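Heads up: the sequence shown begins at 1 in the UniProt record's numbering, then just goes up one per residue. All residues carry an ideal CB built from backbone N, CA and C; glycine is no exception. Computed from a predicted model, the values in this text were never measured in an experiment. Beneath this line is the structure, given in C-alpha cells, with notes to follow.
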Amino acid sequence: MTTAWLVLALGDRREHAGNDGYDDNPAEHYSWDSTVPNHARLAEGDVIALWDRKELIGVSVIETIETDTRKKPLYYCPHCDKAAIKRRQQKAPQYRCYDCGASFDVPGRTTKQVTTYQSRHGKAWMDARGLLSGAELRALCDSPRSQHSMRPARWEKLRNALTAVTGDVAELDVLEETRLAIPGGHRESVVRVRIGQGAFRKRLLADQGELCAFTGPAPATALEAAHLYSYAQSGEHHEHGGLLLRRDIHRLFDLGEIAVNPTTGTLDISAEMLTYPLYASLQGRPVAVPLQREHRTWLGRHWRLHRPES
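Shown next, in the form of C-alpha cells:
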C-alpha cells in the first residue's frame, strides 16, 4: 500500500513548542525540519495531503525533497525554561507558557543546528479545499489520535474518500500517474497543463523581447514565463504578474535564492549563491527591464517572504 502524509500547513502561524513558523506555499512546496516527528520518513513519490486543522487544502505527489542545514532559533519560557509556549494574537502579555502558566512579552531564545527539508510538489497539485473535514482526515490516518503535524496514512483510503465526495476520478488519476512515474525510469504520464501559459509567454516576449529580466539578452528558447506569485494557487495570469527569466534564474527565484529589492529594483543574491561567480556577479545589479507598479507589488511580496529580516 502506498504511503500518504497528512501534513499541517498554516504558513507563518504554524508554530509549536517554541518554533517559528515555516514558509509554506501549499500548492508548490512544504517546509519542515528535524525537530518535527517523522521528519525523515517522507520520500519522493509519496502522496502529500495538506490541511489547516479544519479541512483539507489540497493533495499532490512529492517530486523532490531538498535538504540543508541551518541554525534554528528556539524560544522558551523564561520562568520554567520549557518550550511549551504559544504566541497570543489578541491578549497581553504576548506569550503564555502552557506548562507553568506564566505570561510574558519576551521569551528566552537559543539556537539549534537542524536539518531542513522542503518538498516540491506543484506539478500534480489538486486543489481540494473543503472536500474533507478535519475529523474525516484524522480518521484516515494510521493513528487517528496522533497530534503530530506530519501523520502517515494510506493513499488508497484517501483516494477512496475523495472519490466518494467528488465522484470524479480524473484529477486523482493524474496524481496516480505522477506517483507511479517518480520512483525511477520513465513512462508516459498525464500532467496538468497550465491553461493560457503559452499566450502568457507570448505576451511577455512581445512586451519584453528576448531578454531575461534579471540577466539581460538571451535566446527565446532559454526563457521561461515566470509568475511573480503562485499561479498554482490562483490559476490566473495577472497583468504585469510575470517576467521572462532564464530557466536557472527562474528556478532560483522560485526558491528565494534570488530576490528583487522592491525599493531599489536591484537583485539580491542569497549567501549560498554568492559562492558561485556566475550568480555573485548579479548582486546589486538593477533589473534589466522597466518595472511596472504591479511588478513591484508582486516582487515586494516575494521579498517579504524570502527576506523577512531585510
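Distance CB(residue i)-CB(residue j) smaller than 9 angstroms
{"i": "H39", "j": "M126", "result": "no"}
{"i": "T3", "j": "A153", "result": "yes"}
{"i": "A218", "j": "L228", "result": "no"}
{"i": "V7", "j": "L175", "result": "no"}
{"i": "E78", "j": "A43", "result": "Looking at the sequence itself, residue 78 is Pro, so the reference to Glu does not match. Contact flag unset, no."}
{"i": "D105", "j": "A84", "result": "no"}
Minimum C-alpha distance to residue i - residue among the options
{"i": "L10", "options": "L50, A43, G284, D33", "result": "L50"}
{"i": "A27", "options": "A84, E63, D33", "result": "E63"}
{"i": "A124", "options": "I48, Y98, A84, Y117", "result": "I48"}
{"i": "D254", "options": "A220, W303, D99", "result": "W303"}
{"i": "E309", "options": "G216, N261, R201", "result": "N261"}
{"i": "N25", "options": "G122, L282, S34, D33", "result": "G122"}
{"i": "P286", "options": "P277, A164, A220, G216", "result": "G216"}
Cα-Cα separation, residue i to residue j
{"i": "T166", "j": "R159", "result": "11 angstroms"}
{"i": "A225", "j": "A288", "result": "15 angstroms"}
{"i": "R53", "j": "S31", "result": "17 angstroms"}
{"i": "R301", "j": "G45", "result": "31 angstroms"}
{"i": "A222", "j": "I269", "result": "21 angstroms"}
{"i": "W5", "j": "Q113", "result": "25 angstroms"}
{"i": "E205", "j": "Q118", "result": "The question names Glu, but residue 205 is Leu in the sequence shown. In a straight line, the C-alpha of L205 is about 32 angstroms away from that of Q118."}
{"i": "C141", "j": "C80", "result": "34 angstroms"}
{"i": "S242", "j": "Q208", "result": "The sequence given here has Gly at residue 242, not Ser. The straight-line gap from Cα to Cα measures roughly 11 angstroms."}
{"i": "D248", "j": "K157", "result": "38 angstroms"}
{"i": "T116", "j": "A271", "result": "16 angstroms"}
{"i": "R203", "j": "L244", "result": "10 angstroms"}
{"i": "K86", "j": "F214", "result": "41 angstroms"}
{"i": "Q292", "j": "Q90", "result": "37 angstroms"}
{"i": "Y279", "j": "R246", "result": "12 angstroms"}
{"i": "K82", "j": "I57", "result": "32 angstroms"}
{"i": "S281", "j": "A164", "result": "54 angstroms"}
{"i": "P277", "j": "H250", "result": "18 angstroms"}
Cβ of residue i within 9 angstroms of any chain D Cβ
{"i": "A49", "result": "The displayed structure is made up of one protein chain only, and chain D is not part of it."}
Cutoff 6 angstroms; reference residue i; Cβ partners in own chain excluding five residues on either side
{"i": "P37", "result": "H148"}
{"i": "R120", "result": "H29, E63, T64"}
{"i": "G284", "result": "T266"}
{"i": "R41", "result": "none"}
{"i": "R201", "result": "A225"}
7 angstroms CB neighbourhood of residue i in its chain, flanking five on each side removed
{"i": "L252", "result": "I258, M273"}
{"i": "G134", "result": "W51, R53, K54, E55"}
{"i": "R138", "result": "P144"}
{"i": "E236", "result": "Since pLDDT at E236 reaches only 44, below the 50 mark, its modelled position is unreliable, and the value read off the structure follows with that caveat. Result list for E236: empty, nothing under 7 angstroms."}
{"i": "S34", "result": "V114, T115"}
{"i": "residue 311", "result": "The shown model of the chain, from 1 to 310, leaves out residue 311, and the question about it has no answer."}
Residues of its chain near residue i, where Cβ-Cβ distance is below 8 angstroms and the 5 sequence neighbours each way are ignored
{"i": "L162", "result": "V59, A128, L131, L132, L172"}
{"i": "P290", "result": "none"}
{"i": "R88", "result": "Q94, Y95, R96"}
{"i": "A220", "result": "L205, E210"}
- Please determine if the segment 68 to 78 and the segment 174 to 181 are in contact, where contact requires at least 3 C-beta pairs separated by less than 8 angstroms. Too few Cβ pairs lie closer than 8 angstroms, so no.
- Task: Say whether the segment 140 to 160 touches the segment 86 to 95, bearing in mind that this needs 3 or more beta-carbon pairs closer than 8 angstroms, one atom from each stretch.
- Result: With the cut-off at 8 angstroms, the segment 140 to 160 and the segment 86 to 95 do not touch.
- Item | Cβ contact (3+ pairs, closer than 8 angstroms) linking the segment 259 to 269 and the segment 295 to 303 | Yes: the two stretches touch, three or more of their Cβ pairs being nearer than 8 angstroms.
- Task: Please determine if the segment 102 to 109 and the segment 72 to 80 are in contact, where contact requires at least 3 C-beta pairs separated by less than 8 angstroms.
- Result: As far as the Cβ criterion goes, the segment 102 to 109 touches the segment 72 to 80, which means the pair count is three or higher.
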